[in-house]
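Single-structure report; data block below.
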Amino acid sequence: MIATELRIGNLITVNNVIQEVCDLPLPENCTDENTKPIPLTEEKLLKFGFKLDLDYNTYCLNGYCIFLEDGKFRFQNDWYSNANCYYIKDLKYIHELQNLFFALTNKELEIQK
Numbered sequence: 389m390i391a392t393e394l395r396i397g398n399l400i401t402v403n404n405v406i407q408e409v410c411d412l413p414l415p416e417n418c419t420d421e422n423t424k425p426i427p428l429t430e431e432k433l434l435k436f437g438f439k440l441d442l443d444y445n446t447y448c449l450n451g452y453c454i455f456l457e458d459g460k461f462r463f464q465n466d467w468y469s470n471a472n473c474y475y476i477k478d479l480k481y482i483h484e485l486q487n488l489f490f491a492l493t494n495k496e497l498e499i500q501k
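Be aware that the sequence shown starts at 389, since it is given in my numbering, and climbs by one per residue.
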């Protein structure tokens, strides 16, 4: 994980505990050895409020969709028309999804309760 990819509010693990980035740069006790990105999973997408569309194997939230293909999460521009869609970005980690969602909506992606 590259520290410059992080924003305040991103979720990461520090010593195997999920933490929210509260300050940048990260404190000195957050080293490359103990600070790791959180892998993006189907379970995490659901916790963020994405809804699964089984017909398209797509997770959608507020008009933004992530397509699961060959084990990769792909953010795409047009979930309902594969003929004209293109993938904007492959996503591996939660902070990447948080940053992309914020860049597109100017809103934080939050875990739903």
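No residue lacks a Cβ here, since even glycine has one placed at the ideal position from N, Cα and C.
Helix or strand or just coil, what does DSSP make of isoleucine 482? Numbered from its first residue, the sequence shown carries residue 482 at position 94. Three-state DSSP puts isoleucine 482 in a helix.
Three-state class that DSSP yields for threonine 493 in the structure shown: Stepping through the sequence shown from its first residue, residue 493 is reached at position 105. Reduced to three states, the DSSP call for threonine 493 is helix.
Pairwise C-alpha distance: lysine 424 and asparagine 403: Locating residue 403 in the sequence shown gives position 15, counting from the first residue. Locating residue 424 in the sequence shown gives position 36, counting from the first residue. Taking the straight line from one Cα to the other gives about 8 angstroms.
Identify whether leucine 433 lies in helix, strand or coil by the three-state DSSP scheme. For this step, residue 433 is matched to residue 45 along the sequence shown. The answer is helix: DSSP assigns leucine 433 an H, G or I state.
Counting along the chain, where does the beta strand (DSSP E) carrying cysteine 453 start and finish? Residue 453 sits at position 65 when you count from the first residue of the sequence shown. Per DSSP, the unbroken beta strand (DSSP E) holding cysteine 453 starts and ends at 452–457.
By how many angstroms is the C-alpha of asparagine 422 removed from the C-alpha of threonine 392? Here residue 392 refers to the residue found at position 4 when the sequence shown is read from its first residue. Here residue 422 refers to the residue found at position 34 when the sequence shown is read from its first residue. C-alpha separation (whole angstroms): 17 angstroms.
Assuming leucine 440 is part of the beta strand (DSSP E), what are its boundary residues? In the sequence shown, residue 440 corresponds to position 52, counting from 1. Per DSSP, the continuous beta strand (DSSP E) segment holding leucine 440 begins and ends at 439–441.
Going straight from the alpha carbon of alanine 491 to that of aspartate 478, what length do you get? Against the sequence shown, residue 491 aligns to sequence position 103. Against the sequence shown, residue 478 aligns to sequence position 90. Answer to the nearest angstrom: the Cα atoms are 15 angstroms apart.
Classification of valine 405 by the beta-carbon crowding that lies within 10 angstroms, buried from 16 upward: Here residue 405 corresponds to residue number 17 of the sequence shown, with the count starting at 1. Classified as exposed, valine 405 has fewer than 16 neighbouring CB atoms from the shown chains inside 10 Å of its CB.
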